[in-house]
Each structure stands twice: as C-alpha cells, then as structure tokens.
Amino acid sequence: GPYRLFAANQGESAEQWARPVPITVRAMVLADKALFLAGPRVDAGGGPEGREGALLLAVSPTDGADIAQYTLDCAPVFDGMAAANKQLYLSTLDGRVICFAAKQ
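Next up, the structure:
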C-alpha cells in the first residue's frame, strides 16, 4: 500500500524499522508487547467509513513483524482505541464499542 509504519528513537534520524501497511491508520495504541493499529483498507471501496473493508492489526514494536490481523465491519473513529486490563477497546464509526481480549 501507499502507507508505511515505522519506528525510530526520539532524537535520532535513522529508522529502526519500516514496513508498508494496507490501511489508513485512524487509531493506534501500544499495549504490552504489541502495537495495535486500525483503519479502513486502502484497497477497498466504501470510502472513509471502511464499510467494505477495515482492519485491526497487531505488530511487534521491536521489529514491525505481524502478530495478528482482524477484519472489522466498520472503521474506527479517529483515535478511538484504548487498552486497559489486558483488553483492547475500539469505537467504530457505526456507534459500536468492540472489546477484544486474549484467550484464557
């Protein structure tokens, strides 16, 4: 895709890692050992609402490697993601709040 995600140390110009992402990132949260990002797919129709394709991605903050990917029915609101008590909360443009939790 035309978008990329990267990591760099503050005050340094060199990137630690960089990778393409298939979404327009609308929400991002670092929780424990995963960086979560969500947004509408770049290659899908449905406009900014992501009604024809939105994703929640989990990547390693260390090297950008994929951890998990989940399909969403609707894109998140801007900055509409939070993590607390080992759960991830995502607010979508259609008015829902979705809670994700690790399997026990």
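Count along the sequence shown from 1, add 536, and you get the number used in this note's numbering.
Beta carbons: idealized from backbone N, C-alpha and C, even for Gly.
Predicted model only: the values in this text are computed from it and were never measured.
Between the CA atoms of residue j and residue i - distance to the nearest angstrom
{"i": "L571", "j": "D630", "result": "24 angstroms"}
{"i": "F636", "j": "Q623", "result": "6 angstroms"}
{"i": "A543", "j": "I603", "result": "16 angstroms"}
{"i": "I559", "j": "G589", "result": "9 angstroms"}
Contact under 8 angstroms by Cβ, residue i with residue j
{"i": "A563", "j": "L608", "result": "no"}
{"i": "M617", "j": "V561", "result": "no"}
Per DSSP, cross-strand counterpart(s) of residue i
{"i": "G575", "result": "L591"}
{"i": "Q623", "result": "A620, A637"}
{"i": "F542", "result": "A554"}
{"i": "A567", "result": "A570"}
Cβ distance (whole Å) where residue i is taken to contact residue j below 8 angstroms
{"i": "L591", "j": "A574", "result": "7 angstroms"}
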